[in-house]
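One structure below.
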Amino acid sequence: MPKGVYRLPNITNEPIKSYAPGSPERKALKEKLAEVKNTVVDLPMIIDGKEIRTGKLMDIRPPHEHKHLLGHYHQGDASHIQMAIQAAMKAKPAWEKMNWESRAAIFLKAAELIAGPYRQLMNAVTMLGQSKNAFQAEIDCVCELADFYRFNVKNMYEIYHMQPNSSAGIWDRNVWRPLEGFVFALTPFNFTSIAGNLPGAPVLMGNVCVWKPSKTAVYSAHLIMQILKEAGLPDGVINLVYCSGPVASDVILSNKDFAGIHFTGSTGVFNSVWTNIVKNINQYRTYPRIVGETGGKDYIFADPTAPAKQVATAMVRGAFEYQGQKCSAASRAYIPSNIWPEVRKYVEADLAQIKVGGVEDFTNFVNAVIDEDSFDKLAKAIDNAQASPDAEVILGGKYDKSEGYFIYPTVILAKKPDYVTMQEELFGPVLTVYVYEPDKVEETLDILDHTSSYALTGAIFSQDRAAIERMTERLTYTAGNFYINDKPTGAVVDQQPFGGGRASGTNDKAGSVLNLLRWVSPQAIKETFVPATDYMYPNFLED
Numbered sequence: 000m001p002k003g004v005y006r007l008p009n010i011t012n013e014p015i016k017s018y019a020p021g022s023p024e025r026k027a028l029k030e031k032l033a034e035v036k037n038t039v040v041d042l043p044m045i046i047d048g049k050e051i052r053t054g055k056l057m058d059i060r061p062p063h064e065h066k067h068l069l070g071h072y073h074q075g076d077a078s079h080i081q082m083a084i085q086a087a088m089k090a091k092p093a094w095e096k097m098n099w100e101s102r103a104a105i106f107l108k109a110a111e112l113i114a115g116p117y118r119q120l121m122n123a124v125t126m127l128g129q130s131k132n133a134f135q136a137e138i139d140c141v142c143e144l145a146d147f148y149r150f151n152v153k154n155m156y157e158i159y160h161m162q163p164n165s166s167a168g169i170w171d172r173n174v175w176r177p178l179e180g181f182v183f184a185l186t187p188f189n190f191t192s193i194a195g196n197l198p199g200a201p202v203l204m205g206n207v208c209v210w211k212p213s214k215t216a217v218y219s220a221h222l223i224m225q226i227l228k229e230a231g232l233p234d235g236v237i238n239l240v241y242c243s244g245p246v247a248s249d250v251i252l253s254n255k256d257f258a259g260i261h262f263t264g265s266t267g268v269f270n271s272v273w274t275n276i277v278k279n280i281n282q283y284r285t286y287p288r289i290v291g292e293t294g295g296k297d298y299i300f301a302d303p304t305a306p307a308k309q310v311a312t313a314m315v316r317g318a319f320e321y322q323g324q325k326c327s328a329a330s331r332a333y334i335p336s337n338i339w340p341e342v343r344k345y346v347e348a349d350l351a352q353i354k355v356g357g358v359e360d361f362t363n364f365v366n367a368v369i370d371e372d373s374f375d376k377l378a379k380a381i382d383n384a385q386a387s388p389d390a391e392v393i394l395g396g397k398y399d400k401s402e403g404y405f406i407y408p409t410v411i412l413a414k415k416p417d418y419v420t421m422q423e424e425l426f427g428p429v430l431t432v433y434v435y436e437p438d439k440v441e442e443t444l445d446i447l448d449h450t451s452s453y454a455l456t457g458a459i460f461s462q463d464r465a466a467i468e469r470m471t472e473r474l475t476y477t478a479g480n481f482y483i484n485d486k487p488t489g490a491v492v493d494q495q496p497f498g499g500g501r502a503s504g505t506n507d508k509a510g511s512v513l514n515l516l517r518w519v520s521p522q523a524i525k526e527t528f529v530p531a532t533d534y535m536y537p538n539f540l541e542d
């Protein structure tokens, strides 16, 4: 076929549509929501490009309207995981030999489909299936997923251009091989974009994948598979399976061809996966790549010079957008007593205006948490705070699951800095505040550093440049994504590559070159044009 050193199309971030009243996208999305809601879907697994139905049907219901049925998906078992592995390994030889520009074209086309003809269907499915409002869906399942696919191509292009120098008469080059085996993508409910990127990134680099989405995000995962297939992804390169995590892990982590895992989820699950990989390490053909983004106990720290209104806005947006179900959501805040009364006043005023309800009403800022287990955990935490002598629920505290799993935005005031909700991840719209004395900044920074095992995101607020510099240095290892005078959420692909350390994951920065490098195994090739014919070196010659 024709050869060339190809230049990529211009790669930029997908513009976010406003969905303001009267806008054409608002009208189109409302129409698509009605269409999706009134259609009962039947979602099979996709293995080797084929639809696999088991007859074991699991309901898909909107978290904000759990009596309504969106459809069913077909639950699989260990045999389907084995089928998926076999399909992936069968597809591997042809896929890894495919020219890079053909692989790139598939994902560039998928991005165009997501941002174009599938835009409102992607939004509607994510909104109804995962209870996201229009803005949160737009920035996630459309803009960020399109950004992942486009910038992954750009990053792949840059990696392939990472080539060594050569001496005279020699040509040195790097071959960026895919891993020897298959990759397991274990994806979360909270971001459709993450779910699409975790299998997509390794596959772009020539790998094949078994993909198990969260049981509460099957609908959007299935739609992504449809789009990738339309974009030209060959059968078997990604195999979409629906079964329990432990069942999938038992089969996959004991297979000799397991080459890596791309994971986003809880720290506990990731630790279990890592432990099982270690137990099985002698069975594998190669050392598996372990890439994971896990939990967070993300913070906002304001110093005595911080503007109260800015801090309050960051707290409300950072803690309560998408019901606090972002890995980056602010869930603890350290506020000095000199600005706390004003901060509290602004937060209280905002929460008095925030509406809670279903996604079809575009004026609702907060929707439902993902399922009943999450609801029950959050309700218990609120009840415990109400009863504890070490905490006080000062705002919100209301919850109701009669129609949907609604936890109202809640602010807890911790009377001691190690209260449980300052330490443990809740993954819901609950923010805990600790008020400190203005002359105790350094001591409070130490408390912040040692209170939680996580280190995903964090934000500081100050008007003092020297203080900003000191705090940034002091908090170096507390957050993989660090924000100065901004909320700790909203990372954008190619602008703030995302990931954290400590118990928050391997910090491999999704959407960046750093992440894609984990899915290749480089080979260095040296070619000598005129080989030596004498074994002797000059230093061995006699004078």
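In numbering that gives the first Met the number 0, the protein residues as written are 0 to 542.
For glycine and all other residues, C-beta sits at the position ideal for the given N, C-alpha and C.
For clarity, every value in this text was computed on a predicted model and none was experimentally measured.
1) Among residues of its own chain, excluding the 5 on either side of Asn151, which ones have a beta-carbon nearer than 8 Å to its beta-carbon?
2) First and last residue of the alpha helix (DSSP H) that includes Thr125?
3) How far does the beta strand (DSSP E) with Phe190 in it extend, from its first residue to its last?
4) So the candidates are Asn122, Asp382, Lys29, Val434; which of them puts its Cα closest to the Cα of Ile334?
5) Which residues mark the beginning and the end of the alpha helix (DSSP H) in which Gly244 is found?
6) Can you look up Gly323 in the DSSP assignment and give me helix, strand or coil?
7) Answer yes or no: do Lys486 and Asp171 have a C-beta to C-beta separation smaller than 8 Å?
8) May I have the straight-line CA-CA distance separating Ser461 from Ala114, to the nearest angstrom?
9) Should Met314 go down as buried or exposed, given a rule of 16 or more other Cβ atoms within 10 Å for buried?
10) State the beta-bridge partners of Glu526 as determined by DSSP.
11) Terminal residues of the continuous alpha helix (DSSP H) containing His160?
12) Which class does Asn480 belong to by DSSP, given the choice of helix, strand or coil?
13) Hey, Arg331 and Tyr286 are a contact pair by Cβ (cut 8 Å); roughly how many whole angstroms apart?
14) The beta strand (DSSP E) that contains Val40, what's its start and end?
15) Under 8 Å, with one C-beta from each stretch per pair, do the stretch 49-69 and the stretch 113-133 reach the 3-pair mark?
16) Under the three-state reduction of DSSP, which class applies to Ala545: helix, strand or coil?
17) Only counting the same chain, and skipping five residues up and downstream in sequence, which positions put a Cβ closer than 7 Å to that of Ala478?
18) DSSP on Asp382, reduced to helix/strand/coil?
19) From Asn254 to Ser387, what distance separates their C-alpha atoms?
20) Please classify Lys325: is it buried, with 16 or more other beta-carbons within 10 angstroms of its beta-carbon, or exposed?
21) Specify the secondary structure class of Ile289 as computed by DSSP and reduced to three states.
22) Given a cut-off of 8 Å, decide if Asn12 and Asp146 are closer than it, judged by their beta-carbon atoms.
23) Between Gly180 and Asp47, is the Cβ-Cβ spacing less than 8 Å?
24) Cα separation between Thr443 and Gly295?
25) Nearest to Val207 by alpha carbon, out of Ile45, Ile84, Ala490, Met470?
26) Thr293 to Phe497, Cα distance in whole Å?
27) DSSP state of Val492, grouped into three classes?
28) Using DSSP's beta-bridge definition, name the partner residues of Thr431.
29) Would the beta-carbon of Pro303 fall within 8 Å of that of Ile338?
30) To the nearest angstrom, report how far apart Ala573 and Ala390 are at their CA atoms.
31) Do Gln495 and Asn506 have their CB atoms nearer than 8 Å?
32) Short of 7 Å in beta carbon distance, which residues of its chain neighbour Trp94, apart from the five on each side in sequence? Order them along the chain.
33) Please work out which residues of its chain come closer than 7 Å, Cβ to Cβ, to Gln81, disregarding the five sequence neighbours upstream and downstream, and give them in chain order.
34) Is the separation between the beta-carbon of Val519 and that of Pro177 shorter than 8 Å?
35) Does the distance from the CB of Val182 to the CB of Gly259 come in under 8 Å?
36) Which of the three DSSP states, helix, strand or coil, is assigned to Ser520?
Quick look at the numbers:
1) Along the sequence shown, read from residue 1 onward, the residue named residue 151 stands at position 152. Only Phe106, Asn196, Gly199, Ala200, Leu203, Gly510, Leu515 meet the Cβ criterion.
2) In the sequence shown, the residue the question calls residue 125 occupies position 126. Element bounds for Thr125: 118-129.
3) The residue labelled residue 190 in the question sits at position 191 within the sequence shown. Looking at the DSSP string, Phe190 is not in any beta strand (DSSP E), and its letter there is neither H nor E.
4) Counting from one through the sequence shown, the residue named residue 334 turns up at place 335. Checked all of Asn122, Asp382, Lys29, Val434; the closest Cα to Ile334 is Val434.
5) Taking the sequence shown and counting its residues from 1, the one referred to as residue 244 is at position 245. From DSSP, the alpha helix (DSSP H) with Gly244 extends over 244-251.
6) Translated into the one-based positions of the sequence shown, residue 323 becomes position 324. Helix at Gly323.
7) Position 487 of the sequence shown, counted from the first residue, corresponds to residue 486. Position 172 of the sequence shown, counted from the first residue, corresponds to residue 171. In this structure, Asp171 does not lie closer than 8 Å to Lys486 by Cβ.
8) For the purposes of this step, residue 461 is taken as the residue at position 462 of the sequence shown. For the purposes of this step, residue 114 is taken as the residue at position 115 of the sequence shown. Computed Cα separation, rounded: 38 Å.
9) One-based indexing of the sequence shown puts residue 314 at position 315. When all chains shown are included, Met314 counts as buried.
10) In the sequence shown, residue 526 corresponds to position 527, counting from 1. Paired residue(s): Trp170.
11) To locate residue 160, count along the sequence shown from 1; it is residue 161. Per DSSP, His160 belongs to no alpha helix (DSSP H) and is neither H nor E.
12) Residue 480 sits at position 481 when you count from the first residue of the sequence shown. Of the three classes helix, strand and coil, the one that applies to Asn480 here is strand, per DSSP.
13) As a working mapping, residue 331 is identified with position 332 in the sequence shown. As a working mapping, residue 286 is identified with position 287 in the sequence shown. Their Cβ separation, rounded to whole angstroms, is 37 Å, which puts Arg331 and Tyr286 out of contact at 8 Å.
14) Counting from 1 along the sequence shown, the entry for residue 40 is found at position 41. That run of the beta strand (DSSP E) goes 40-42.
15) yes
16) Nothing in the structure corresponds to residue 545, since the chain is present only between 0 and 542.
17) As a first step, residue 478 is located in the sequence shown; it is residue number 479 there, counting from the start. Once the five neighbours on either side are set aside, the close Cβ partners of Ala478 are Ala454, Leu455, Thr456, Gly457, Gly499.
18) Here residue 382 corresponds to residue number 383 of the sequence shown, with the count starting at 1. Helix, per DSSP.
19) Along the sequence shown, one-based indexing puts residue 254 at 255. Along the sequence shown, one-based indexing puts residue 387 at 388. Looking at the two C-alpha atoms, the distance is approximately 48 Å.
20) For the purposes of this step, residue 325 is identified with residue 326 of the sequence shown, where counting begins at 1. That one is buried.
21) Here residue 289 corresponds to residue number 290 of the sequence shown, with the count starting at 1. Strand.
22) In the sequence shown, the residue the question calls residue 146 occupies position 147. In the sequence shown, the residue the question calls residue 12 occupies position 13. Contact flag set, yes.
23) As a position in the sequence shown, residue 180 is number 181, starting the count at 1. As a position in the sequence shown, residue 47 is number 48, starting the count at 1. No, they are not a contact pair.
24) Position 444 of the sequence shown, counting from 1, holds the residue named residue 443. Position 296 of the sequence shown, counting from 1, holds the residue named residue 295. Those two C-alpha atoms are separated by around 19 Å.
25) Translated into positions along the sequence shown, residue 207 becomes position 208. Here the closest residue by C-alpha is Ile84.
26) Walking along the sequence shown from the start, residue 293 turns up at place 294. Walking along the sequence shown from the start, residue 497 turns up at place 498. C-alpha separation (whole angstroms): 12 Å.
27) Locating residue 492 in the sequence shown gives position 493, where the first residue counts as 1. Val492: coil per DSSP, three-state reduction.
28) For the purposes of this step, residue 431 is taken as residue 432 along the sequence shown, with counting starting at 1. Answer by DSSP bridge pairing, in chain order: Arg331, Ile411.
29) Along the sequence shown, one-based indexing puts residue 303 at 304. Along the sequence shown, one-based indexing puts residue 338 at 339. In this structure, Ile338 lies closer than 8 Å to Pro303 by Cβ.
30) Given a span of 0 to 542 for the chain in the structure shown, any question on residue 573 remains unanswerable.
31) One-based indexing of the sequence shown puts residue 495 at position 496. One-based indexing of the sequence shown puts residue 506 at position 507. Not closer than 8 Å, so no.
32) Taking the sequence shown and counting its residues from 1, one reaches residue 94 at position 95. So the qualifying residues of the chain are Gly205, Val207, Pro233, Val236.
33) Position 82 of the sequence shown, counted from the first residue, corresponds to residue 81. If we look at Gln81 and ignore the five residues flanking it on each side, its Cβ neighbours are Val250.
34) The count along the sequence shown starts at 1 and reaches residue 519 at position 520. The count along the sequence shown starts at 1 and reaches residue 177 at position 178. Contact: yes.
35) Position 183 of the sequence shown, counting from 1, holds the residue named residue 182. Position 260 of the sequence shown, counting from 1, holds the residue named residue 259. A contact, by the Cβ cut-off of 8 Å.
36) The residue labelled residue 520 in the question sits at position 521 within the sequence shown. Ser520 falls in the strand class under three-state DSSP.
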